[in-house]
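Asker: Please read through the structure below; I'll follow up with questions.
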Amino acid sequence: MKKNMVKMLAALLLVVVVLSPFSGCSSNKNVVKVYNWGDYIDESVLEQFEEETGIKVIYDTFETNEDMYLKVKNSGKNSYDVCIPSDYMITKMIEEDMLAEINFDNVPNVKGIDPKLLSQAYDPENKYSVPYCWGTVCIAYNPDMVTEPVTSWDILWDEKYEKQIFMMNSERDSIGVALLSLGYSLNTKDPAELAAAKQKLLDQKPLVITYTGDDVKDKMIGKEGALSVIWSCDIGLIQQMEEDIQAETRIEYAIPEEGTNIWYDSAVILKNAENKENAEAFINFLCRPDIAQKNADYLGGISPVMEAAEQAPEHTKNNPCVNPSAEEIAKYEVFVSMSDVASEYEKIWSDVLAS
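According to mature numbering (1 follows the signal peptide of the UniProt record, and there is no 0), the sequence shown holds residues -23 to -1, 1 to 332 in order.
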């Protein structure tokens, strides 16, 4: 009878942890709460981490850096332990004292990270972040529907593709595409240039089917549109989906001649993390070569872990959207934090969506 009671209590505790992760696990030392982009990890990695460490992963997803920031900022103490934001958002979070310095004694696998991805402007002393994934913003297109070469961002303003274009539901990315098409910097603060980018997006609005997130992969494979702006980390997922359905037409990709954004997504630990050591154990696990390779294979990208990157298939290594050369990287821009003009960017984006 006592044995059965123990089993019942254990089962009840499991239900509480699973169903009420942010109200019932503050005293549970075997939990790590992770907030990541949607469709951005091989789920077997989470299972393997739990099996090897005994640490329960509470996992949630977001679609944009801005969504992540707002939720974390407004969640208080019962928030997440690990988040995986992008470069410019990491800068913003550091500026606002939202991140904890990582104890790298607990993350020894960081030694395998490619040095070219470290000491970036968003975290020059590598105190707060560990690279998770990197890549570019590019155009995906259906060659049955787009027959001319895709060499310029201007194709996204071609009226013959009316209601055949998907744009990102992402403030910095979509405004960035407009800025690039005008020959301006992705990080401009010039009011006239920002006004021109806003007008460019308003002019484009009748051509856009919708502003998408993770669902763009299904939409492009389903031939719901001819062109879309995507992150290069989605290419591998699209290719796998095409294999699964044995698609006759395969989506193709291009980086326009005006250049693009090169982005870095990195794992960080929140300042108010309740499970900091578990968070460091999770980040260390992600940096283990076999785990990093598994993740990279799932995403179809180049891992920041050198040993895993060496195992990437040749078609991935040779794809300039996924693995740009050092010369190409030098031509591309990284987003920087725009805290002093954030309200202007937000106003542009809200006006475009509302138009």
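We put the beta carbon where it would ideally sit given N, CA and C, even for glycine.
1. According to DSSP, simplified to helix, strand and coil, what is SER106?
2. How would you call SER332, buried or exposed, if buried means at least 16 neighbouring beta carbons within 10 angstroms?
3. Is there a Cβ from chain C that is less than 8 Å from the Cβ of TRP208?
4. Straight-line CA distance for ILE325 to CYS210?
5. Helix, strand or coil: how does DSSP classify SER314 here?
6. So, helix, strand or coil for SER63, using DSSP?
7. Going by C-alpha to C-alpha distance, which of PHE259, ALA203, PRO297, LEU171 sits closest to GLU125?
8. Consult DSSP for VAL8 and reduce its assignment to one of helix, strand or coil.
9. Which residues in the same chain as ASN255 place their Cβ atom closer than 6 Å to its Cβ, once the five residues preceding and following it in sequence are excluded?
10. State the DSSP-derived secondary structure class of CYS210, mapped to helix, strand or coil.
11. Check this for me: beta carbons of VAL11 and ASP58, under 8 Å apart or not?
12. What is the rounded straight-line gap between the Cα of GLU310 and the Cα of ASN238?
13. With DSSP as the reference, identify every bridge partner of GLY112, one or two as the case may be.
14. So, PRO233 versus THR128, is the Cβ gap smaller than 8 Å?
15. Among the residues of its own chain, which have a CB less than 7 Å from the CB of GLU136, if the five just before and after it don't count?
16. Taking buried to mean at least 16 other C-beta atoms within 10 Å of its own C-beta, is THR113 buried or exposed?
17. Which of the three DSSP states is assigned to TYR275 in this structure?
18. Excluding the 5 residues flanking GLY160 on each side, which residues of the same chain have their C-beta closer than 8 Å to its C-beta?
19. Looking at VAL34 and LEU47, is the spacing between their C-beta atoms short of 8 Å?
20. Within the same chain, show all residues whose beta-carbon is closer than 7 Å to that of GLN216, passing over the 5 residues directly before and after it, in chain order.
21. Using DSSP with H/G/I as helix, E/B as strand and the rest coil, what is residue 349?
22. Consult DSSP for SER280 and reduce its assignment to one of helix, strand or coil.
23. What's the gap between the Cα of LYS50 and the Cα of PRO108?
24. By a C-beta neighbour count over all protein chains shown, 10 Å radius and 16 as the cutoff for buried, is GLU257 buried or exposed?
25. Measure the alpha-carbon distance for GLN288 versus SER96 and round it to whole angstroms.
26. Can you give the beta carbon distance from ILE268 to PHE259, rounded, assuming they're within the 8 Å contact cut?
27. When you compare each of MET122, ALA244, TYR65 to GLU78 by their alpha carbons, which one comes out closest?
28. Anyone know if the C-beta pair for ASN252 and SER56 falls short of 8 Å?
29. Between which two residues does the alpha helix (DSSP H) harbouring ALA250 extend?
30. Give me whichever residues DSSP pairs with MET145 in a beta bridge.
31. Should GLN270 go down as buried or exposed, given a rule of 16 or more other Cβ atoms within 10 Å for buried?
Answerer: For this structure:
1. Counted from its first residue, the sequence shown places residue 106 at position 129. Strand at SER106.
2. Indexing the sequence shown from 1 puts residue 332 at position 355. SER332 is exposed by the Cβ-count criterion.
3. Protein chain content of the structure displayed is limited to a single chain, and chain C is not contained in it.
4. Sequence index remark: in the sequence shown, residue 325 carries index 348 (1-based). Sequence index remark: in the sequence shown, residue 210 carries index 233 (1-based). Pairing ILE325 with CYS210, the inter-Cα distance amounts to about 27 Å.
5. As a first step, residue 314 must be located in the sequence shown, where it is residue number 337. In the structure shown, SER314 sits in coil (DSSP, three-state: anything other than H, G, I, E or B).
6. Locating residue 63 in the sequence shown gives position 86, where the first residue counts as 1. Note: SER63 maps to strand in three-state DSSP.
7. Numbered from its first residue, the sequence shown carries residue 125 at position 148. The residue with the shortest Cα to Cα distance from GLU125 is ALA203.
8. Indexing the sequence shown from 1 puts residue 8 at position 31. Strand at VAL8.
9. Counting from 1 along the sequence shown, the entry for residue 255 is found at position 278. So the qualifying residues of the chain are VAL9, ILE32.
10. Numbered from 1 along the sequence shown, position 233 holds the residue referred to as residue 210. Helix at CYS210.
11. By one-based count along the sequence shown, residue 11 stands at place 34. By one-based count along the sequence shown, residue 58 stands at place 81. It is a contact, given that the beta carbons lie within the stated cut-off.
12. Here residue 310 refers to the residue found at position 333 when the sequence shown is read from its first residue. Here residue 238 refers to the residue found at position 261 when the sequence shown is read from its first residue. In a straight line, the C-alpha of GLU310 is about 5 Å away from that of ASN238.
13. Looking up residue 112 in the sequence shown gives position 135. Paired residues: TRP240.
14. Walking along the sequence shown from the start, residue 233 turns up at place 256. Walking along the sequence shown from the start, residue 128 turns up at place 151. In this structure, THR128 lies closer than 8 Å to PRO233 by Cβ.
15. Start at 1 with the first residue of the sequence shown, and residue 136 comes out as number 159. The residues are LEU184.
16. The residue given as residue 113 occupies position 136 in the sequence shown. Per the 10 Å Cβ criterion, buried.
17. As a working note, residue 275 is residue 298 in the sequence shown. In this structure, TYR275 counts as helix in the three-state DSSP scheme.
18. Here residue 160 corresponds to residue number 183 of the sequence shown, with the count starting at 1. GLU235, listed in sequence order.
19. For this step, residue 47 is matched to residue 70 along the sequence shown. For this step, residue 34 is matched to residue 57 along the sequence shown. Cβ atoms of LEU47 and VAL34: not closer than 8 Å.
20. To locate residue 216, count along the sequence shown from 1; it is residue 239. Only GLY277 meet the Cβ criterion.
21. Since the first residue shown for the chain is -23 and the last is 332, residue 349 is missing from the structure and cannot be characterised.
22. Taking the sequence shown and counting its residues from 1, one reaches residue 280 at position 303. Coil, per DSSP.
23. Position 73 of the sequence shown, counted from the start, is the residue given in the question as residue 50. Position 131 of the sequence shown, counted from the start, is the residue given in the question as residue 108. Cα to Cα, LYS50 sits roughly 22 Å from PRO108.
24. For the purposes of this step, residue 257 is identified with residue 280 of the sequence shown, where counting begins at 1. The residue is buried, with at least 16 neighbouring Cβ atoms inside 10 Å.
25. Residue 288 sits at position 311 when you count from the first residue of the sequence shown. Residue 96 sits at position 119 when you count from the first residue of the sequence shown. Whole-angstrom Cα-Cα distance: 24 Å.
26. Position 291 of the sequence shown, counted from the start, is the residue given in the question as residue 268. Position 282 of the sequence shown, counted from the start, is the residue given in the question as residue 259. Actually they do not touch by this definition, with Cβ atoms about 10 Å apart.
27. Translated into the one-based positions of the sequence shown, residue 78 becomes position 101. When each option's Cα is compared against that of GLU78, the closest is ALA244.
28. Numbered from its first residue, the sequence shown carries residue 252 at position 275. Numbered from its first residue, the sequence shown carries residue 56 at position 79. Contact flag unset, no.
29. Locating residue 250 in the sequence shown gives position 273, counting from the first residue. From DSSP, ALA250 is part of no alpha helix (DSSP H); its letter is neither H nor E.
30. On the sequence shown, position 168 is the one that residue 145 refers to. According to DSSP, MET145 bridges with THR189.
31. The count along the sequence shown starts at 1 and reaches residue 270 at position 293. Counting Cβ neighbours within 10 Å, GLN270 comes out buried, since at least 16 surround it.
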